[in-house]
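Each remark here refers to the structure printed beneath this line.
What follows is the structure in structure tokens.
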């Protein structure tokens, strides 16, 4: 019923398809070139450093300037990254002894994501009525997860059957389509509240706001440490290649499985309000850690798929609770900066988590590193439940 939200959603799906294809193709390409789990971790680090480094400034810019234009600029930069990866794939001789060229492009992609995240997330809150925030967030996450299911599977299949060039062509087309669709949004820029104080004060405003919100901060810290140690998607190329022996096609399906589970959970959450949200958050994160422990012990492709899908279902509960809390409790004029801090948490847990997984796998082996990470996640849940009682007692999100 909201044309702008439809254009936003269509753009989100197309663009996410492109970036998810990039994630699975880059991971397999790097592992084929190096056969070293540490390099899989370095892919995450290459994206995380610029992403986290620019995040606070990106949030500040998103609260000062036109969020639609900033999002379009970030989309365009990602299209450039897709073209560069395609150029390297067409001329593979450039990658002989120069895998750092892929890392350089991934770093540029991290810059694009850093500016995209706060601008697009804040804009999403402006184009829907406040009373529909919770439902809109659930549907937005459902669509994002849908693209996250199709994207990796599509990338792995195209890589396996048609090669790396065809995979990067598909990524480029999807990112371009996302850019075109986003420009169809009819958005009237909202007047921005004048920002007082120094640049440093404005850059850190999002951090200071979160420090005054114990439930929100507790949820963010829980997600940070659980995903940092508990999940190990960066190591899936090793499991696909050496343990499950399913090749790049199987890798794509494995990468898609958590998102498939998340889609199911998103649809369920979109139709029923969450009660006892804090308790459910803690339980879901504990189950997330257990799923990854069981996955590490599995030697069956189908059992592994089910476990990864269930991990996605449990993780989605955390995502919806955190996103809803963030949107409902943050004033409009601060959404960009607070969203930027949120993206730092996400970037730290995902990309730095990939680096941690790569380093741990280098010294402990892939299986042992995933088991250890799952055990750490269970410990994090226990500490959070003990130290943040207000989060444990959180009931309704509204």
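Numbering (the numbering used here), first residue to last: 19 to 416.
Note that CB positions come from ideal geometry on N, CA and C, so glycine has one too.
Let me check understanding here. Comparing Cα to Cα, which of 400, 375 and 37 lies closest to residue 304? As a working mapping, residue 304 is identified with position 286 in the chain shown. Measuring from the Cα of residue 304, the nearest candidate turns out to be 400.
Indicate whether residue 379 and residue 256 have their beta-carbon atoms separated by less than 8 Å. The count along the chain shown starts at 1 and reaches residue 379 at position 361. The count along the chain shown starts at 1 and reaches residue 256 at position 238. In this structure, residue 256 lies closer than 8 Å to residue 379 by Cβ.
7 Å CB neighbourhood of residue 281 in its chain, flanking five on each side removed: Stepping through the chain shown from its first residue, residue 281 is reached at position 263. Short of 7 Å from the beta carbon of residue 281, and not among the five residues preceding or following it, lie these beta carbons of its own chain, in chain order: 160, 163, 164 and 167.
Candidates 236, 127 and 141, of which the one nearest residue 189 by Cα: Translated into the one-based positions of the chain shown, residue 189 becomes position 171. Residue nearest to residue 189 within the set 236, 127 and 141 is 127 (criterion: CA-CA distance).
Burial state of residue 52, where buried means 16 or more other Cβ atoms lie within 10 Å: Residue 52 sits at position 34 when you count from the first residue of the chain shown. The C-beta of residue 52 has fewer than 16 other C-beta atoms within 10 Å across all chains shown, which makes the residue exposed.
Beta carbon of residue 23 nearer than 8 Å to that of residue 137: For this step, residue 23 is matched to residue 5 along the chain shown. For this step, residue 137 is matched to residue 119 along the chain shown. Residue 137 is positioned such that its CB atom lies no closer than 8 Å to that of residue 23.
Where does residue 333 fall in DSSP's three states? Translated into the one-based positions of the chain shown, residue 333 becomes position 315. DSSP places residue 333 in helix when its eight states are reduced to three.
Please go through the same chain and pick out, in chain order, the residues whose beta-carbon is closer than 8 Å to the beta-carbon of residue 187, but skip the five residues on each side of it. Reading the chain shown from its first residue, position 169 is the one you call residue 187. 104.
Euclidean distance between Cα positions of residue 169 and residue 27: On the chain shown, residue 169 is found 151 positions in, with the first residue counted as 1. On the chain shown, residue 27 is found 9 positions in, with the first residue counted as 1. Those two C-alpha atoms are separated by around 15 Å.
State the CB to CB distance for the pair residue 357 and residue 140, rounded to an integer number of angstroms; the pair is presumed to be in contact (CB under 8 Å). Position 339 of the chain shown holds residue 357. Position 122 of the chain shown holds residue 140. About 6 Å separates the two Cβ atoms, so the contact holds.
Under the three-state DSSP convention, the category residue 351 falls into: Position 333 of the chain shown, counting from 1, holds the residue named residue 351. DSSP places residue 351 in helix when its eight states are reduced to three.
Closest by CA to residue 391, which one among 273, 312 and 73? Within the chain shown, the letter at position 373 stands for residue 391. Among 273, 312 and 73, the Cα nearest to that of residue 391 belongs to 312.
The stretch 112–120 / the stretch 231–246 touching (three or more Cβ pairs under 8 Å): Pairwise C-beta distances place the stretch 112–120 out of contact with the stretch 231–246, as fewer than three of them are shorter than 8 Å.
Return the residue from the list 39, 54, 42 and 40 that minimises the CA-CA distance to residue 384. In the chain shown, residue 384 corresponds to position 366, counting from 1. Checked all of 39, 54, 42 and 40; the closest Cα to residue 384 is 54.
Could you check the C-alpha separation between residue 329 and residue 336 for me, to the nearest Å? What you label residue 329 is simply residue 311 of the chain shown in a count that begins at 1. What you label residue 336 is simply residue 318 of the chain shown in a count that begins at 1. Each residue's Cα considered, the two are about 11 Å apart.
Proximal residues to residue 323 (C-beta, below 6 Å), its chain only, five neighbours per side dropped: What you label residue 323 is simply residue 305 of the chain shown in a count that begins at 1. Close CB contacts of residue 323 within its chain, under the 6 Å cut and outside five residues either way in sequence, are with 275 (chain order).
Taking the alpha-carbon positions, what's the residue 361 to residue 349 distance? Walking along the chain shown from the start, residue 361 turns up at place 343. Walking along the chain shown from the start, residue 349 turns up at place 331. Roughly 17 Å separates the two Cα atoms.
Use the C-beta contact count for residue 193: other C-beta atoms within 10 angstroms, 16 or more gives buried, fewer gives exposed. Start at 1 with the first residue of the chain shown, and residue 193 comes out as number 175. Buried is the call here.
Using a 10 Å radius around the Cβ and a threshold of 16 neighbouring Cβ atoms, would you call residue 50 buried or exposed? As a working note, residue 50 is residue 32 in the chain shown. By the 10 Å Cβ count, residue 50 comes out exposed.
For residue 376 versus residue 134, is the C-beta distance shorter than 8 Å? Taking the first residue of the chain shown as position 1, residue 376 is located at position 358. Taking the first residue of the chain shown as position 1, residue 134 is located at position 116. No, the pair does not count as a contact, with Cβ atoms beyond the cut-off.
By how many angstroms is the C-alpha of residue 394 removed from the C-alpha of residue 382? As a working mapping, residue 382 is identified with position 364 in the chain shown. As a working mapping, residue 394 is identified with position 376 in the chain shown. About 15 Å.
So, residue 363 versus residue 242, is the Cβ gap smaller than 8 Å? Indexing the chain shown from 1 puts residue 363 at position 345. Indexing the chain shown from 1 puts residue 242 at position 224. Cβ atoms of residue 363 and residue 242: closer than 8 Å.
Would you give the residue range spanned by the alpha helix (DSSP H) that residue 202 belongs to? Working through the chain shown from its first residue, we reach residue 202 at position 184. Note, residue 202: premise wrong, no alpha helix (DSSP H); not H, not E.
Run through the stretch 88–138 for me and flag every whole alpha helix (DSSP H) of 4 or more residues, listed as ranges in chain order. With a minimum length of 4 residues, there is no unbroken run of alpha helix (DSSP H) contained wholly in the stretch 88–138.
Going by DSSP, what residue range makes up the alpha helix (DSSP H) through residue 241? As a position in the chain shown, residue 241 is number 223, starting the count at 1. Element bounds for residue 241: 232–248.
What is the residue span of the alpha helix (DSSP H) that residue 63 lies within? Position 45 of the chain shown, counted from the first residue, corresponds to residue 63. If you look at residue 63, you'll find it in the alpha helix (DSSP H) that goes 55–82.
Close beta carbons around residue 76, own chain, < 7 Å, minus the five adjacent residues each side: Translated into positions along the chain shown, residue 76 becomes position 58. Answer for residue 76: 132, 133, 136 and 358, listed in chain order.
Among 70, 44, 326 and 107, whose alpha-carbon lies nearest the alpha-carbon of residue 130? For this step, residue 130 is matched to residue 112 along the chain shown. Each of 70, 44, 326 and 107 was checked against the Cα of residue 130, and the nearest Cα belongs to 70.
From residue 111 to residue 319, what does the alpha carbon distance come to, in whole angstroms? As a working note, residue 111 is residue 93 in the chain shown. As a working note, residue 319 is residue 301 in the chain shown. Cα atoms of residue 111 and residue 319: separation of roughly 34 Å, rounded to the nearest angstrom.
C-alpha gap between residue 344 and residue 272, whole angstroms: Walking along the chain shown from the start, residue 344 turns up at place 326. Walking along the chain shown from the start, residue 272 turns up at place 254. Cα-Cα distance, rounded: 30 Å.
Using 10 angstroms around the beta-carbon of residue 62, count the other beta-carbons present and answer buried if the total reaches 16, otherwise exposed. Position 44 of the chain shown, counted from the first residue, corresponds to residue 62. Within 10 angstroms of the beta-carbon of residue 62 lie 16 or more other beta-carbons, which makes it buried.
Apply the 10 Å Cβ neighbour rule to residue 99 and answer buried if 16 or more other Cβ atoms are within range, or exposed otherwise. Against the chain shown, residue 99 aligns to sequence position 81. Counting the other CB atoms within 10 Å of its CB gives residue 99 a total of 16 or more, which places it among the buried residues.
Residue 414 - DSSP class collapsed to helix/strand/coil: The count along the chain shown starts at 1 and reaches residue 414 at position 396. Annotated three-state conformation of residue 414 is coil, per DSSP.
With distances taken Cα to Cα, identify the nearest neighbour of residue 93 among 333, 37 and 224. By 1-based counting over the chain shown, the position of residue 93 is 75. Selection 333, 37 and 224 evaluated against residue 93 yields 37 as nearest (Cα-Cα).
Bounding residues of the alpha helix (DSSP H) (the contiguous stretch that carries residue 257): Against the chain shown, residue 257 aligns to sequence position 239. Looking at the DSSP string, residue 257 is not in any alpha helix (DSSP H), and its letter there is neither H nor E.
Close-in-space but distant-in-sequence residues of the same chain around residue 88 (CB under 7 Å, 5 per side omitted): One-based indexing of the chain shown puts residue 88 at position 70. For residue 88, where only same-chain residues beyond five positions count, the Cβ hits under 7 Å are 79, 80, 133 and 137.
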